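Worksheet: the structure to be examined is printed underneath.
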Amino acid sequence: MTPRFQPDDTLYKRRNTLKVEYVPDDIVGRDNEIEEYEAALQPIINGEYPDNIFIYGKTGVGKTAVTNFLLNELQESAKHFEVDLSVITLNCDGLSTSYQAAISLVNNLREPEHHIAETGHPQSKVYRLLWDELNNLSGTVIIVLDEIDHITDDTFLYQITRADNNGYIDNIQLGLIGISNDSTFREQLDAKVQSSLCETEISFPPYGTKELQKVLEQRADIAFHQSALEDGVIPLCAALGRQDGGDARRAITLLRKAGDLARTENADSVTTDHVERAQEKLEAQQSMDIMRDLTEHEQLTLYALTTLAAEDATPARSRVVYQRYKEFCEYQGRDPRTARRMRSFLSDFEILNLTLSQMEHRGQDGGTYREHELNRDIATVVDALQTTISEFGAHRSIIEYLPDSGEEFAAM
DNA sequence: TTTCCACAGGAAGGTACGGTCT
DNA sequence: AGACCGTACCTTCCTGTGGAAA
């Protein structure tokens, strides 16, 4: 009997090397940045007090990859020259306040069975615990704070950059490496924190098309069999990646999605057509995830705008959207949020790229207002908001966009 | 030049909730 | 148990804005 599952390796050699977590042995296309970074880390090996380093650049430009790569090398060197060095990495994704960051760091330094709860402690206690944990270490301690811009206040940075001066820590030499996706983050910091954290600044510019191409080629060599990729595939991935802001991570994911698509279709090789379709899927998936995560009233607001779009009534000014939104709320007997609140939903949508909006100025005869329109297919939004729509009943204007059985929902 | 429209969006503060501490 | 803490999500209040009208 032929086994149902058979090894399927006509395309991939090592598909895993296209995953986000994979750290390549060699970093491509970031030579200048690596050089600067190395120089900034050098004092550590000399046994000097480490400089604080601030790294910034958009997502997927190699900040984290280069950091991990160099810190690995640094630890190797430290071992070799018998330098006492500890590296602590804290990813601030999912943390929004200094308080959470401080607790996370404490837990990072503790054994799992001694972790403290994420809420409820007085601030002062959390910092006391943190200093205690740090004082248990010795030699040079490097704390890497990845995605540091997710933290909205700078108490944590203030505390930690001043910890030594204030005598909270002794016995160790503390160095910080802050990694930020947001280049404006630096300016928002308190002046004292800024001068301290940003002793050395290294900026990572977006990858250009050529650099992306190099990165992709490097990965494709390990991941795919020879001649598994048609000629235009990598250039196209690079070009699309460049359009998406020079994000290598996304370009690599795109290549993997294209490969997966080719594999499911039992194609002999990955073609540019696979890449294009993968790109579409990727975009749709992204906005889908975002829309599903919106709160009830955010979804209703988006739904209101969507019905207006279906009626060809967009761009629509905020008060028109609010009117429609209020109708939906009243229809379902739910309390509408204030217009001010809904306006902030709309401005969030724009940040999330779900909508586009523009200010209009009509002088004395109309004042200032903002007009909004959808930046996604109506069908995609309707699909993502399925659950909400079925609960509220489909508006007549969007019946035609419903998957198949429009009758399932009571039309409004 | 000044006035004034109709909002935009920042700031401050309130409330419910889920957690800890003593 | 009840004081205390931080957060998410709201509302209220209010100053800012660009250009047509006066």
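Counted the way our numbering counts, the first sequence spans residues 64 to 475. Ideal Cβ placement from N, Cα and C applies to all residues, glycine included. Please read these numbers as outputs of a predicted model, since none were measured by experiment.
Three-state secondary structure (DSSP) of residue i
{"i": "R382", "result": "helix"}
{"i": "Q348", "result": "helix"}
{"i": "H435", "result": "strand"}
{"i": "K76", "result": "coil"}
{"i": "F132", "result": "helix"}
{"i": "Q395", "result": "coil"}
{"i": "F144", "result": "coil"}
{"i": "I235", "result": "strand"}
{"i": "V86", "result": "coil"}
{"i": "R173", "result": "coil"}
{"i": "H458", "result": "coil"}
{"i": "E471", "result": "Any answer about E471 is weak, because its pLDDT of 49 lies below 50 and its placement is not dependable; what the coordinates show is given next. Of the three classes helix, strand and coil, the one that applies to E471 here is helix, per DSSP."}
{"i": "H184", "result": "coil"}
{"i": "H360", "result": "helix"}
{"i": "H424", "result": "strand"}
{"i": "E463", "result": "helix"}
{"i": "H213", "result": "helix"}
{"i": "A254", "result": "helix"}
{"i": "L81", "result": "helix"}
{"i": "V189", "result": "helix"}
{"i": "I179", "result": "coil"}
{"i": "E101", "result": "helix"}
{"i": "V338", "result": "helix"}
Beta-carbon proximity of residue i to residue j, cut-off 7 Å
{"i": "G322", "j": "V333", "result": "yes"}
{"i": "F391", "j": "T364", "result": "no"}
{"i": "E434", "j": "R380", "result": "yes"}
{"i": "N154", "j": "D216", "result": "no"}
{"i": "L317", "j": "A341", "result": "yes"}
{"i": "G309", "j": "P269", "result": "yes"}
{"i": "L148", "j": "G110", "result": "no"}
{"i": "V129", "j": "I97", "result": "yes"}
{"i": "L239", "j": "V204", "result": "no"}
{"i": "L74", "j": "R326", "result": "yes"}
{"i": "I206", "j": "I118", "result": "no"}
{"i": "L200", "j": "I235", "result": "yes"}
{"i": "N232", "j": "W194", "result": "First, the amino acid is wrong: residue 232 is Ile here, not Asn. Against a cut-off of 7 Å, the Cβ pair of W194 and I232 comes out as a contact."}
{"i": "D212", "j": "D245", "result": "yes"}
{"i": "G123", "j": "R249", "result": "no"}
{"i": "L368", "j": "V383", "result": "no"}
{"i": "H288", "j": "K76", "result": "yes"}
Contact belief for residue i with residue j at Cβ below 8 Å, rounded distance in angstroms
{"i": "A286", "j": "L81", "result": "5 Å"}
{"i": "Y366", "j": "L448", "result": "6 Å"}
{"i": "S350", "j": "L417", "result": "6 Å"}
{"i": "S161", "j": "T218", "result": "4 Å"}
{"i": "G92", "j": "E374", "result": "Going by Cβ atoms, the distance from G92 to E374 rounds to 48 Å, so no, they are not a contact pair."}
{"i": "T335", "j": "L299", "result": "5 Å"}
{"i": "E479", "j": "Q163", "result": "Because the chain is modelled from 64 through 475, residue 479 falls outside the range shown and cannot be assessed."}
{"i": "V169", "j": "E196", "result": "6 Å"}
{"i": "L252", "j": "L220", "result": "7 Å"}
Per DSSP, the bridge partner or partners of residue i
{"i": "T152", "result": "V207"}
{"i": "G241", "result": "F117 and L208"}
{"i": "L419", "result": "E436"}
{"i": "I265", "result": "I118"}
{"i": "G202", "result": "I235"}
{"i": "V333", "result": "L292"}
{"i": "F287", "result": "Y75"}
Do three or more CB pairs link the segment 265-285 to the segment 77-93 at distances below 8 Å? Judged by pairs of C-beta atoms under 8 Å, the segment 265-285 touches the segment 77-93, as three or more such pairs exist.
Is the segment 171-184 touching the segment 247-264, taking contact as three or more C-beta pairs under 8 Å? Using a C-beta cut-off of 8 Å, the segment 171-184 makes no contact with the segment 247-264, since fewer than three inter-stretch Cβ pairs fall below that distance.
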